[in-house]
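Protein chains in written order, with the working numbering: chain C, 1 to 100; chain E, 1001 to 1483. Every residue, glycine too, gets a C-beta built ideally from N, C-alpha and C. A quick write-up on the structure given underneath.
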């Protein structure tokens, strides 16, 4: 039997990987993927808490968060395509008209 | 039949949802712009009437405790709906003048407003999350609605990436709080005083998520870029309705879910409020772009709101609600006049130098801008002054005298950059020839109404203040700590 702490540690590590990805990568699509890793790490936390407590609420929240993540990706990819058409790049260090 | 009764209490959100669906269908089948606009405005007026009626109703939890009506939540709903109504009327003329009057704008604004209402009435962390995300996803699209403009789509990208990044933190906070307390209901979480490391990590991450959405220092980086790049009336929508909803939800969370941890979060809010007020006001001083200046000023205003929240008392919460009302009125007004000037020379016409000498060309608009800027600066007899007074008074009552002093000094510094715009409007000679056309009747009347309300709530704050103070008497959730 694997205790809950291991799942929590795994999801904390995954979440940190996502955060580091967002902060260090320059490609908008990779940043979007890192955000998805963060959200899925949270889903893992919710499911493991839910299993530990024998309470179904946590698993239901996961459905909501999956829904939101899907909607967010749909909007995000559309925005990235529009950026690509305008600038012919998705490198965020080159998208810098608005500063200070 | 309980569910029908609940739906009746939740009428504003339901009216707007239905209107949003109708607008979407009208756009798909007939593309009748007048009908889309009429449906949007009519539904918002109905929803405003329903939510103002709800202000005087009882504070009850509905939908099996997922949402709450009456009191703070009803005030938040009314404020969000009113702000949306003003923005829709202003948007039509502004977006037509820049050739981007798409029907999607109205659908997205209506759905975004539903998200804000859900957020402002949330009584469960799941509802908070759904409301916040419904609102944010609509706003990501709205920010980039002028997608052939490079700055517009860049604003959307920045908003989207940082917003979804913040969503991750917010959701992690919800997950940890759920793990620590075994519930997501706000009042049930409020029974716990201290549930260990996981609890505190959850509270911290949840607050970080909120700080991103209401753009306070050090989570404000996206605000100036997004506010500058987005179409001006949409900026007004983001700066007022979205912020109001998030702050009202923050009040509900602090009051219901964290009443026993007041000392801890109050300390955090004090530090963040000081940073926000100082940085927002100082950076706003060196801005030449009026939209960007207003963006930094809105960061500073978020700081003043945090002063009231940091007090953590009933007086603080009702002062924050009053402040949000004043802030909404004057900010929509200021952005409305900026949008009016902007449409004569395209979206880049925002520099304060370009405003030189404009004050005498359309005196009506310039006078209105003056009223809104004086109110933003916190000069009596306008609503902004009463809002600031109440917020700082609440902080002093709660023994946060140092915080109140910093706040007053910061707002004195703020007067400089608001009045600078007026100096350019009236006391400098314009270099380029520009003919200002008259704005349409609805546009002018909305701005005039906003100015009159700004003056009204600055001169006669009494009735509303009493109503707001009544929300927090005896309704404070307090429980005994669990072992």
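Report the residue from E:1340, E:1423 and E:1118 whose alpha carbon sits nearest the alpha carbon of residue 1132 of chain E.
Measuring from the Cα of residue 1132 of chain E, the nearest candidate turns out to be E:1118.
For a quick check, are the C-beta atoms of residue 1142 of chain E and residue 1173 of chain E less than 7 Å apart?
No, the Cβ-Cβ distance between residue 1142 of chain E and residue 1173 of chain E is not below 7 Å.
Using a Cβ-Cβ distance cut-off of 7 Å, determine whether residue 82 of chain C contacts chain E.
Judged by the 7 Å Cβ criterion, residue 82 of chain C is in contact with chain E.
Under 6 Å Cβ to Cβ from residue 1107 of chain E, same chain only, skipping five residues before and after it: list those, please.
1020, 1023 and 1024, listed in sequence order.
Between the Cα of residue 1288 of chain E and the Cα atoms of E:1195, E:1243, E:1348 and E:1278, which residue gives the shortest distance?
That would be E:1348, whose Cα lies nearest to the Cα of residue 1288 of chain E.
If we define contact as Cβ-Cβ less than 7 Å, is residue 1186 of chain E a contact residue for chain C?
No, its Cβ sits nowhere closer than 7 Å to a Cβ of chain C.
Would you call the segment 1212-1221 of chain E in contact with the segment 1082-1091 of chain E, where contact means no fewer than 3 C-beta pairs closer than 8 Å?
Judged by Cβ distances under 8 Å, the segment 1212-1221 of chain E makes no contact with the segment 1082-1091 of chain E, as fewer than three pairs qualify.
Please name the residue, chosen from E:1170, E:1315 and E:1293, that lies closest to residue 1334 of chain E on a Cα-to-Cα basis.
Measuring from the Cα of residue 1334 of chain E, the nearest candidate turns out to be E:1293.
Is there a C-beta anywhere in chain C that falls below 7 Å from the one on residue 1156 of chain E?
So yes, residue 1156 of chain E belongs to the interface.
Relative to the alpha-carbon of residue 1415 of chain E, which residue among E:1167, E:1340, E:1285 and E:1238 has its alpha-carbon at the smallest distance?
Nearest option by C-alpha distance: E:1285.
How far does the beta strand (DSSP E) with residue 1067 of chain E in it reach, from first residue to last?
Looking at the DSSP string, the run of the beta strand (DSSP E) that includes residue 1067 of chain E is 1067-1069.
Would DSSP call residue 1331 of chain E helix, strand or coil?
Helix, per DSSP.
Can you pull the chain E neighbours of residue 58 of chain C, defined as C-beta to C-beta under 9 Å?
Those within 9 Å of residue 58 of chain C in chain E are 1175, 1178, 1179 and 1184.
Would residue 1171 of chain E and residue 1270 of chain E qualify as a contact pair, given that the criterion is a beta-carbon distance under 7 Å?
No, these two residues do not count as a Cβ contact at 7 Å.
How is the alpha helix (DSSP H) around residue 1286 of chain E delimited, first residue to last?
Careful: residue 1286 of chain E lies outside any alpha helix (DSSP H) and carries neither H nor E.
So for residue 1089 of chain E, helix, strand or coil by DSSP?
Reduced to three states, the DSSP call for residue 1089 of chain E is helix.
When you compare each of E:1192, E:1376 and E:1092 to residue 1037 of chain E by their alpha carbons, which one comes out closest?
Checking every option, the nearest Cα to that of residue 1037 of chain E belongs to E:1092.
Applying a beta-carbon distance threshold of less than 9 Å, which residues of chain C neighbour residue 1130 of chain E?
In chain order: 64, 67 and 68.
With a threshold of 6 Å on Cβ separation, who are the neighbours of residue 1406 of chain E within its own chain once the five nearest residues in sequence on each side are excluded?
Once the five neighbours on either side are set aside, the close Cβ partners of residue 1406 of chain E are 1274.
Taking the runs of the beta strand (DSSP E) that are 3 residues or longer, which of them lie wholly in the segment 11-55 of chain C?
As far as the segment 11-55 of chain C is concerned, it has no whole beta strand (DSSP E) run of at least 3 residues.
Determine contact between the segment 6-19 of chain C and the segment 39-53 of chain C, defined as no fewer than three beta-carbon pairs at a distance below 8 Å.
At 8 Å Cβ cutoff, the stretches touch.
What residues from chain C crowd round residue 1202 of chain E, counting only those whose CB sits closer than 9 Å?
Neighbours of residue 1202 of chain E on chain C: none; closest Cβ ~10 Å, over 9 Å.
Using CA atoms only, rank isn't needed, just tell me which of E:1338, E:1233 and E:1443 is closest to residue 1421 of chain E.
It is E:1338.
Checking 7 Å against the spacing of the C-beta atoms, do residue 1394 of chain E and residue 1249 of chain E come in under that value?
Going by C-beta atoms, residue 1394 of chain E is not nearer than 7 Å to residue 1249 of chain E.
Since residue 1495 of chain E meets chain C, which of its residues come closer than 7 Å, beta carbon to beta carbon?
Outside the shown range of chain E, which is 1001 to 1483, sits residue 1495 of chain E, and nothing can be said about it.
For residue 1318 of chain E, collect the residues of the same chain with a Cβ closer than 6 Å to its Cβ; drop the 5 residues on either side in sequence, then sort them by chain order.
Counting only Cβ-Cβ distances below 6 Å, and skipping sequence neighbours, we find 1468, 1469 and 1472.
Quick one, which residues of the segment 17-32 of chain C are near chain E if we go by CB-CB under 8 Å, in chain order?
Cβ contacts with chain E come from 18, 19, 22, 28, 31 and 32.
List the residues of chain E whose Cβ lies closer than 8 Å to the Cβ of residue 54 of chain C, in chain order.
The contacting residues do not exist; residue 54 of chain C stays about 10 Å from chain E at best.
Exposed or buried, what is residue 1005 of chain E when buried is set at 16 or more other beta-carbons lying within 10 Å of its beta-carbon?
Exposed is the call here.
Taking the DSSP output, what are the residues bridged to residue 1351 of chain E?
In DSSP, residue 1351 of chain E forms a bridge with E:1289.
Give every residue of the same chain whose Cβ lies closer than 8 Å to the Cβ of residue 1010 of chain E, excluding the five residues on either side of it in the sequence, and list them in chain order.
Cβ within range, chain order: 1062, 1063, 1067, 1069 and 1121.
CB residue 1169 of chain E to CB residue 1208 of chain E, shorter than 7 Å?
Yes, the Cβ-Cβ distance between residue 1169 of chain E and residue 1208 of chain E is below 7 Å.
In chain order, what residues of the same chain have a beta carbon less than 6 Å from the beta carbon of residue 1398 of chain E, not counting five sequence neighbours either side?
Hits under 6 Å: 1311 and 1313.
If you count every other CB in all the chains shown that lies within 10 Å of the CB of residue 1453 of chain E, and 16 or more means buried, which is it?
That one is buried.
Can you name the start and end residues of the alpha helix (DSSP H) that residue 1061 of chain E belongs to?
Taken as a continuous stretch (DSSP letters only), residue 1061 of chain E belongs to no alpha helix (DSSP H), being part of the beta strand (DSSP E) at 1060-1062.
Is there at least one Cβ from chain E nearer than 7 Å to residue 45 of chain C's Cβ?
Taking Cβ atoms only, chain E reaches closer than 7 Å to residue 45 of chain C, which makes this a yes.
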